[in-house]
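Residues in the sequence shown are numbered from 530 upward in steps of one, following our numbering.
From the three backbone atoms N, C-alpha and C, an ideal C-beta is built for every residue, glycine too.
Owing to the predicted nature of the structure, the values given are computational and were not obtained by experimental measurement.
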Amino acid sequence: MPWMTIYPLASSFSYDKDGDKYKGTQWIIHNLIDAVAKGGCFMVGIGPDKTGCFHPKAVEQLEETGKWLQVNGEGIYNTRACEVWKEGNTLFTRSKDNKTVFAIVEQFPENELSIEAVTPEKGSDIYLSGYPKPLKWKRKDGKTVIIIPEELRNEANRPCKYAYTFKLRTKS
């Protein structure tokens, strides 16, 4: 059954003039990924001031989330929950046609990402959203091991921040 959760970005759903009470872009993205991986929707609750304007901190955090979605939105929009929605610190979504699984991690893997719950189609490519080159991968001990290229080990070379989406083609 479809479901949705709404959390306030500040201390309440009303306008909060204290910018330090806004929870941050990382908080928004974490809750968005968590809800979508479980098959739900997530909404951020914010309130305007008496002139109808939102706090600059709220606007900044929502715009940052929008930038993240420009890179990673394919793993969020129009996706479905997977049978296994979480493995360790990796959360999963899948395309409507069930041919693609998106593995989303908030901590960028140091050298490799190991996933047991998803087996890519043999000979297929795995991509990191926002990075144009396919990533090397192998099957080892019943797991899919995605090798992180040297250039992506440098944070400055990553296509985004906050969380990272790996796109795996699977058999439908």
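Assignment of beta-bridge partners to residue 624 by DSSP yields 608. Residues of the same chain with a CB within less than 6 angstroms of the CB of residue 531, apart from the 5 flanking positions on each side, do not exist. According to the DSSP assignment, residue 537 belongs to the beta strand (DSSP E) that extends over 533-537. CA-CA distance, residue 589 to residue 581, rounds to 16 angstroms. Counting other Cβ atoms within 10 Å of its Cβ, residue 606 stays below 16 and is therefore classed as exposed. In the DSSP assignment, residue 574 falls within the unbroken beta strand (DSSP E) covering 570-574. Taking each of 546, 545, 610, 699 in turn and checking the Cα distance to residue 565, the smallest one comes out for 610.
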